[in-house]
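Peer 1:
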Amino acid sequence: MNLIKPLSRFNKMNNETNIDLTIKDKLFEFIDLNLRNGFVRIDEIDTDIYLRNTKRCINNEMISTIDLANININDDFQNKGYCSKIIQYLIEIAKSKNIQAIYIECVLSDAIEHIIINKFDFIKIKYNDE
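First residue of the sequence shown? That's 1136 in my numbering, and the numbers climb one at a time after it.
This is the structure in C-alpha cells:
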C-alpha cells in the first residue's frame, strides 16, 4: 500500500540529540542540493534512505512530493525511534521548502502502515490497478 501525507498538519519535535541533528542536516542537504533522487547515508545509525524529489499526480492534480522509497536501518538501531524521526524531519523539510506532500512508497508491513497512518496522519492512496 502507498501512503501520502498532505502537509497541513505539523508538529515539531523537541529535545533533539546530536544524532537527530545529523539526520536532519543530511536530509535537508539532499533537498537543498536539488537532487531528483538518491541515497542519503547516515553513518551514525548505519542507515541508508532512498529519496526522490519529484512531482506526482494525486487526485488529478500535479503536486510536489518527497518520496520515501526505501529505508534500511541496521538491526542494532531499530526500535529506537529513528524511522519516526526521519519521517518527522521529512515533513518538517517539505513544509519549509513548500513541498506539498510526503509520499511513502509501498509499505510492506501492515503494522508499520498502521503506525505511520496513526502517528503521522498519512492517508492511504490506491492506483487503478490496486
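Heads up, the beta-carbon is just placed ideally off N, CA and C, and yes, glycines get one too. Note that this is a predicted model, so its numbers are computed, not measured.
Between which two residues does the alpha helix (DSSP H) harbouring PHE1157 extend?
Peer 2: Position 22 of the sequence shown, counted from the first residue, corresponds to residue 1157. The sequence as given places Thr at residue 1157; Phe does not occur at that position. Segment 1153-1167, the alpha helix (DSSP H) holding THR1157.
Peer 1: How big is the Cα-Cα spacing for THR1189 and ILE1237?
Peer 2: Walking along the sequence shown from the start, residue 1189 turns up at place 54. Walking along the sequence shown from the start, residue 1237 turns up at place 102. In a straight line, the C-alpha of THR1189 is about 10 Å away from that of ILE1237.
Peer 1: Just to confirm, is the Cβ distance from LYS1159 to TYR1224 under 7 Å?
Peer 2: Your numbering for residue 1159 matches position 24 in the sequence shown. Your numbering for residue 1224 matches position 89 in the sequence shown. Yes, these two residues count as a Cβ contact at 7 Å.
Peer 1: Run through DSSP, which three-state label would ARG1144 get?
Peer 2: Taking the first residue of the sequence shown as 1, we reach residue 1144 at position 9. Note that ARG1144 scores a pLDDT of 40, beneath 50, so its modelled location is shaky; the value from the coordinates is reported in the next line. ARG1144: coil per DSSP, three-state reduction.
Peer 1: When the Cα atoms are used, what is the spatial distance from VAL1118 to LYS1161?
Peer 2: Given a span of 1136 to 1265 for the chain in the structure shown, any question on residue 1118 remains unanswerable.
Peer 1: Is the beta carbon of ASP1202 less than 7 Å from the beta carbon of GLU1240?
Peer 2: Position 67 of the sequence shown, counting from 1, holds the residue named residue 1202. Position 105 of the sequence shown, counting from 1, holds the residue named residue 1240. Yes; because the gap between Cβ atoms is below 7 Å, this pair is in contact.
Peer 1: State the start and end residues of the unbroken alpha helix (DSSP H) segment that holds ASP1245.
Peer 2: Taking the sequence shown and counting its residues from 1, one reaches residue 1245 at position 110. 1245-1255 is the span of the alpha helix (DSSP H), which, as asked, contains ASP1245.
Peer 1: Who does ASP1202 pair with in a DSSP beta bridge?
Peer 2: Against the sequence shown, residue 1202 aligns to sequence position 67. BP columns for ASP1202 point to ARG1187 and TYR1238.
Peer 1: What span of residues does the alpha helix (DSSP H) with LYS1220 cover, start to end?
Peer 2: The count along the sequence shown starts at 1 and reaches residue 1220 at position 85. Residues 1217-1231.
Peer 1: Just checking, does the region 1241-1252 make contact with the region 1180-1189 on the three C-beta pairs under 8 Å criterion?
Peer 2: The answer is no - the region 1180-1189 does not touch the region 1241-1252, with fewer than three Cβ pairs under 8 Å.
Peer 1: Using a Cβ-Cβ cutoff of less than 6 Å, which residues in the same chain neighbour ILE1172 once the five nearest sequence positions on both sides are dropped?
Peer 2: Here residue 1172 is taken as the residue at index 37 of the sequence shown, counted from 1. Checking the displayed sequence, the identity of residue 1172 turns out to be Asn instead of Ile. So the qualifying residues of the chain are ARG1187.
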